[in-house]
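Chemist:
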Amino acid sequence: MPPHQTNPLADWQAGYGPIVHRAETIERMQALVQRLVAQQRVADEATAHTLLAAADRLSCTAMSVVAHMTYARRIDRSGRPLAIEDFKPTPEGHTGGSLNMVPAFVGYLLANALTGTTRGWLMGQGHCVAAIEAVNALTGDVSAAQRGRYDRSEVGLSRLISDFYSYAIDEQGRPAVPLGSHAGPNTAGAISEGGYLGFAGLQYVHTPLPGESLVTFLSDGAFEEQRGSDWAPRWWRAEDCGFAIPIMVLNGRRIEQRTQIVQEGGAGWLAEDLHHNGFDPVVVDGRDPVAIAWAIIEAEDALSAFASSADKRYPAKLPYMIAETEKGFGFPGAATNAAHNLPLAGNPRENAQAREAFNAGAAALFVPEPELEQALAALANHERSRRPRESAHPMAQRHPASPQLPPPNGVPVGASASAMAALDHWFVALVQANPQLRVRIGNPDELASNKMGATLALLKHRVNAPEPGIAEAVDGAVITALNEEAVAGAALGNKGGLNLIVSYEAFAVKMLGMLRQEIIFARRQKELGQSPGWISVPLIVTSHTWENSKNEQSHQDPTIGEALLGEMSDTARVLFPVDANTATAALRDVYASRGQLACIVVSKRDTPNRFTAEAAQSLLAQGATHVAGDPATAQMQFVAVGAYQLEEALKAHARLALHGLGSCVTVVIEPGRLRMPRDEIEAGFVLGDATLESLFPPQLPRVLMSHTRPEPMLGVLRRIDTGPAKTRALGYINRGGTLDVTGMLIANRSTWVNAIHAAAQVTGWNNSQAAVGNPDDQSAPASSEAVTTGSTAV
Numbered sequence: 005m006p007p008h009q010t011n012p013l014a015d016w017q018a019g020y021g022p023i024v025h026r027a028e029t030i031e032r033m034q035a036l037v038q039r040l041v042a043q044q045r046v047a048d049e050a051t052a053h054t055l056l057a058a059a060d061r062l063s064c065t066a067m068s069v070v071a072h073m074t075y076a077r078r079i080d081r082s083g084r085p086l087a088i089e090d091f092k093p094t095p096e097g098h099t100g101g102s103l104n105m106v107p108a109f110v111g112y113l114l115a116n117a118l119t120g121t122t123r124g125w126l127m128g129q130g131h132c133v134a135a136i137e138a139v140n141a142l143t144g145d146v147s148a149a150q151r152g153r154y155d156r157s158e159v160g161l162s163r164l165i166s167d168f169y170s171y172a173i174d175e176q177g178r179p180a181v182p183l184g185s186h187a188g189p190n191t192a193g194a195i196s197e198g199g200y201l202g203f204a205g206l207q208y209v210h211t212p213l214p215g216e217s218l219v220t221f222l223s224d225g226a227f228e229e230q231r232g233s234d235w236a237p238r239w240w241r242a243e244d245c246g247f248a249i250p251i252m253v254l255n256g257r258r259i260e261q262r263t264q265i266v267q268e269g270g271a272g273w274l275a276e277d278l279h280h281n282g283f284d285p286v287v288v289d290g291r292d293p294v295a296i297a298w299a300i301i302e303a304e305d306a307l308s309a310f311a312s313s314a315d316k317r318y319p320a321k322l323p324y325m326i327a328e329t330e331k332g333f334g335f336p337g338a339a340t341n342a343a344h345n346l347p348l349a350g351n352p353r354e355n356a357q358a359r360e361a362f363n364a365g366a367a368a369l370f371v372p373e374p375e376l377e378q379a380l381a382a383l384a385n386h387e388r389s390r391r392p393r394e395s396a397h398p399m400a401q402r403h404p405a406s407p408q409l410p411p412p413n414g415v416p417v418g419a420s421a422s423a424m425a426a427l428d429h430w431f432v433a434l435v436q437a438n439p440q441l442r443v444r445i446g447n448p449d450e451l452a453s454n455k456m457g458a459t460l461a462l463l464k465h466r467v468n469a470p471e472p473g474i475a476e477a478v479d480g481a482v483i484t485a486l487n488e489e490a491v492a493g494a495a496l497g498n499k500g501g502l503n504l505i506v507s508y509e510a511f512a513v514k515m516l517g518m519l520r521q522e523i524i525f526a527r528r529q530k531e532l533g534q535s536p537g538w539i540s541v542p543l544i545v546t547s548h549t550w551e552n553s554k555n556e557q558s559h560q561d562p563t564i565g566e567a568l569l570g571e572m573s574d575t576a577r578v579l580f581p582v583d584a585n586t587a588t589a590a591l592r593d594v595y596a597s598r599g600q601l602a603c604i605v606v607s608k609r610d611t612p613n614r615f616t617a618e619a620a621q622s623l624l625a626q627g628a629t630h631v632a633g634d635p636a637t638a639q640m641q642f643v644a645v646g647a648y649q650l651e652e653a654l655k656a657h658a659r660l661a662l663h664g665l666g667s668c669v670t671v672v673i674e675p676g677r678l679r680m681p682r683d684e685i686e687a688g689f690v691l692g693d694a695t696l697e698s699l700f701p702p703q704l705p706r707v708l709m710s711h712t713r714p715e716p717m718l719g720v721l722r723r724i725d726t727g728p729a730k731t732r733a734l735g736y737i738n739r740g741g742t743l744d745v746t747g748m749l750i751a752n753r754s755t756w757v758n759a760i761h762a763a764a765q766v767t768g769w770n771n772s773q774a775a776v777g778n779p780d781d782q783s784a785p786a787s788s789e790a791v792t793t794g795s796t797a798v
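Under this note's numbering, residues 5 to 798 are what the sequence shown spells out, in order.
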């Protein structure tokens, strides 16, 4: 054994490279080591001290690799300085934050090694992925795609370094290397990209199941982005939540200036703010992996003590670890604005002073190969502890048992019913049939007024102190706050359970960034053959554009569905049920799938029920079906996307039939099934040409009546667009205000009268043939309620 390891305690206390152990850290860790030995969680003090010293050496090596990933083309594991040709022509990397993440992530590994348990991890600052990839390559805990490409040999590390920001692309137009600028499915153990700052802070408290522990790395910049993370103590319950341990990496700088926390007063100010919000904050040295490990274990023990207390009261004082550091610690340029990206004053390939600074910085971090090997061997105690590698932590392996799906409670055809009320009854039955699945409902507000009163009565708002006579409970499953991102985070974080998000359609667009991050990550998993196993999450948007007419135009916005239709339709589904039975069928179909997010646009007002429960299931299977008329004999086709659009199409069809003009009505419940596929995965999701042509005969002129703006829907339905001469599209044209439903239809030129006028344009009929006057005459649709399918009214 090398002489420097003959005394593990002294070896650790001496620190390594730029890592210096403060007296406070040494005192805290010594007390913890003694406790761990007494509890038989670690064999003896010497074993613990060996692990502590090992963490220092792994941290220094990983920080060196991170710096090389930004600037160099290779690494020299003998410690020799790099020459001009060894540097990248164009360096790139979020270097400062990644350097800060190294001791934080190694501290997480150290905590696991000390206690013999594998915790989960989540990183909110996904742009700091270089830290994770560097540590993973050194420990050998890489993803399947990286195995054999990246390891701790000089060749393997040099390949990692050269791949970073290589911009390589394969023949299919996809990234050609299993390494990106942010965390992704190729990052072993990652469960989130962390590309949208702040979202990890909203999700982490809802992520671990009972018996699990999650360490979440947060950034002080993201603290400004999303303040909903302040509410974590409102949601955490020992009875149905695992241990949630946030670690704020407080480096004090954003891209161009100091963070607001530092401007306000730094760690002390943050600790006071957190205390007022129900946390128990502790400040630790963020430069020291040992301090991070101490913080994790102490936080977990505090939560465990609270959970086992017979007289616990909520809210619990949740631990919150503030890891104070400086941006880019451990390398030249630290604590400057430049440290965010490129900390050196110049490019080492072009600038001798920058090259000298790089080599000096790398030398200060250098760990000889024998020392590194010994350190890695000490930390790799997984087999001895009978625990999984960190890449296989529980949250990275989510695959809950398939839920029992109750049969649909069909509404009779012809009856008027609220689709939202039908969903409410079915969802209650779903929850009652699956008591093993933890439920989270993300609800900005008004669950009851959105016709989900039975769900609210059963599951209740989660609060710390229930108000008598209100549907509230300490253990409620409905996470309610007037913050769309925060409540969506509750559902999206609960990937081990059963989830639902309910929102006004207009305000759901505030969730778009969070939804998109989840969609992108899940879709990339599919592309890599790692199909996610969590039960799909529906977003129900109601009080929608057409029936929220009594409010101003801010409440009349179909953007969320339009935006999600731009994502890959096999992962981001958008459904437009037209009655109670199709709404229930849509929700049931979503819960039968895995790894999808589905936006379901649902009417809450009573509308005519057009489909039996069986017919609704068939409609879901292919995404569209005929409702009225025969496409084989029809002279034109109405294509309806949306409940109110179907009703207007049926009125137009009936009016034309009275005058001997043949048309048919086809409803589209899932437009993404009809689109032109953009890759092989989506091609397996969309309808084939033969099925599509049976639903939409190529020769028929068409009028599309869309819940959304007409142009985005036309783009999605390009395969059935017969061109400007033969296709017209009606929909929301950005007109609204304080109106009624009929007024909204008139304002947006989407009434049955407008539909008939459009039919005349694509068929060559004149208005007198179609028995309709000037479509801009706002009084024309006044009698539209009398014009129904089969009616003789004119």
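Note that CB positions come from ideal geometry on N, CA and C, so glycine has one too.
Taking only the alpha-carbon atoms, compute the straight-line gap between M456 and A423 and give it to the nearest angstrom.
Modeler: Those two C-alpha atoms are separated by around 10 Å.
Chemist: Would you call the segment 427 to 446 in contact with the segment 586 to 597, where contact means no fewer than 3 C-beta pairs closer than 8 Å?
Modeler: Yes: the two stretches touch, three or more of their Cβ pairs being nearer than 8 Å.
Chemist: Return the chain-ordered list of same chain residues with a C-beta closer than 6 Å to the C-beta of D167, the five sequence neighbours on each side being excluded.
Modeler: Correct list, in chain order: V181, L183.
Chemist: Put Y595 into one of helix, strand or coil per three-state DSSP.
Modeler: Note: Y595 maps to helix in three-state DSSP.
Chemist: Over the uninterrupted alpha helix (DSSP H) stretch that includes T143, give me the two end residues.
Modeler: Run containing T143: 133 to 143, per the alpha helix (DSSP H) assignment.
Chemist: Just to confirm my understanding: we take M5, look at its own chain, exclude 5 residues before and 5 after, and list those with CB closer than 6 Å. What are they?
Modeler: Note that M5 scores a pLDDT of 36, beneath 50, so its modelled location is shaky; the value from the coordinates is reported in the next line. The answer is none, since no qualifying residue turns up.
Chemist: Identify whether V247 lies in helix, strand or coil by the three-state DSSP scheme.
Modeler: Going by the sequence as given, residue 247 is Phe instead of Val. Strand at F247.
Chemist: For Y75, tell me which candidate among G565, E328, P404, S162 has the shortest Cα-Cα distance.
Modeler: Nearest of G565, E328, P404, S162 to Y75, Cα basis: S162.
Chemist: Helix, strand or coil, according to DSSP, for Y508 in the structure here?
Modeler: Of the three classes helix, strand and coil, the one that applies to Y508 here is strand, per DSSP.
Chemist: Which residue or residues does DSSP assign as beta-bridge partners of N503?
Modeler: In the DSSP output, where bridge partners are listed per residue, N503 has R444.
Chemist: Would you grab the beta carbon distance between R258 and G225 for me? Rounded to a whole angstrom, and I think it's under 8 Å.
Modeler: Sure, about 5 Å apart at Cβ, within 8 Å.
Chemist: At the level of alpha carbons, what is the spacing between E674 and D284?
Modeler: Their backbone Cα atoms lie some 48 Å apart in a straight line.
Chemist: When you compare only the Cα positions, how much space is there between V417 and R614?
Modeler: For V417 and R614, the distance between alpha carbons rounds to 5 Å.
Chemist: Return helix, strand or coil for A628, following the three-state DSSP convention.
Modeler: A628: strand per DSSP, three-state reduction.
Chemist: Here's the rule: buried if 16 or more other CB atoms are within 10 angstroms of the residue's CB, otherwise exposed. What is T767?
Modeler: T767 comes out buried.
Chemist: As an exercise, report each continuous alpha helix (DSSP H) stretch of at least 4 residues that is fully enclosed by the segment 431 to 490, in chain order.
Modeler: Those alpha helix (DSSP H) runs which fall completely within the segment 431 to 490 and span 4+ residues are 457 to 463.
Chemist: Output the boundary residues of the beta strand (DSSP E) element that contains S420.
Modeler: Its beta strand (DSSP E) spans residues 420 to 422.
Chemist: Around the Cβ of I474, are there at least 16 other Cβ atoms within 10 angstroms (buried) or fewer (exposed)?
Modeler: I474 comes out exposed.
Chemist: Quick one, which of E31, R442, G128 has its alpha-carbon nearest I195's?
Modeler: Nearest option by C-alpha distance: G128.
Chemist: In the DSSP output, which residue or residues are listed as bridge partners for W125?
Modeler: For W125, which the question treats as bridged, DSSP gives the partners V219.
Chemist: Since P319 and P237 are thought to touch, with beta carbons under 8 Å apart, how far apart are those beta carbons, to the nearest angstrom?
Modeler: 4 Å between Cβ atoms; contact.
Chemist: Are the CB atoms of A763 and A656 nearer to each other than 8 Å?
Modeler: Yes, Cβ-Cβ distance for A763 and A656 is below 8 Å.
Chemist: Could you say which of K730, Q357, N552 lies nearest to N3 if we only look at CA atoms?
Modeler: No answer is possible for residue 3: the residues shown for the chain start at 5 and end at 798.
Chemist: Short of 7 Å in beta carbon distance, which residues of its chain neighbour A596, apart from the five on each side in sequence? Order them along the chain.
Modeler: For A596, where only same-chain residues beyond five positions count, the Cβ hits under 7 Å are L409.
Chemist: I'd like the list of long-range same chain contacts for A786, defined as Cβ closer than 6 Å, with 5 residues on each side in sequence excluded.
Modeler: With a pLDDT of only 39 at A786, under the threshold of 50, the placement of this residue in the model should not be trusted; the figure read from the coordinates follows. So no residue of the chain qualifies.
Chemist: Give me the Cα-Cα distance between Q782 and L743, rounded to the nearest whole angstrom.
Modeler: Note that Q782 has pLDDT 44, beneath the 50 cutoff, so the model's placement of it is unreliable and no number is given.
Chemist: Report the residue from A42, V513, E476, T712 whose alpha carbon sits nearest the alpha carbon of A492.
Modeler: Comparing Cα positions, the closest option is V513.
Chemist: Could you tell me the boundaries of the alpha helix (DSSP H) in which M709 lies?
Modeler: Note, M709: premise wrong, no alpha helix (DSSP H); beta strand (DSSP E) at 706 to 710.
Chemist: On the DSSP letters alone, give me the boundaries of the alpha helix (DSSP H) that R528 sits inside.
Modeler: First-last of the alpha helix (DSSP H) with R528: 516 to 531.
Chemist: Count the CB pairs spanning the segment 305 to 321 and the segment 111 to 131 that are closer than 8 Å, and state whether there are at least three.
Modeler: Verdict: no, contact absent.
Chemist: Note down the Cα distance separating T629 from L708, rounded to an integer number of angstroms.
Modeler: When rounded, the distance between both Cα atoms is 14 Å.
Chemist: Applying the criterion that 16 or more other CB atoms from any shown protein chain within 10 Å of the CB defines a buried residue, is T53 buried or exposed?
Modeler: Rather than Thr, the amino acid found at residue 53 in this sequence is His. With 16 or more Cβ atoms within 10 Å of its Cβ, H53 is classed as buried.
Chemist: Apart from the five residues just before and just after R262, which ones in its own chain have a Cβ nearer than 8 Å to its Cβ?
Modeler: Correct list, in chain order: G256.
Chemist: Helix, strand or coil for A14, going by three-state DSSP, please let me know.
Modeler: A14: helix per DSSP, three-state reduction.
Chemist: Please name the residue or residues paired with I326 in a DSSP beta bridge.
Modeler: In DSSP, I326 forms a bridge with M252, V287.
Chemist: State yes or no: is the C-beta of Q626 within less than 8 Å of the C-beta of R677?
Modeler: Going by C-beta atoms, Q626 is nearer than 8 Å to R677.
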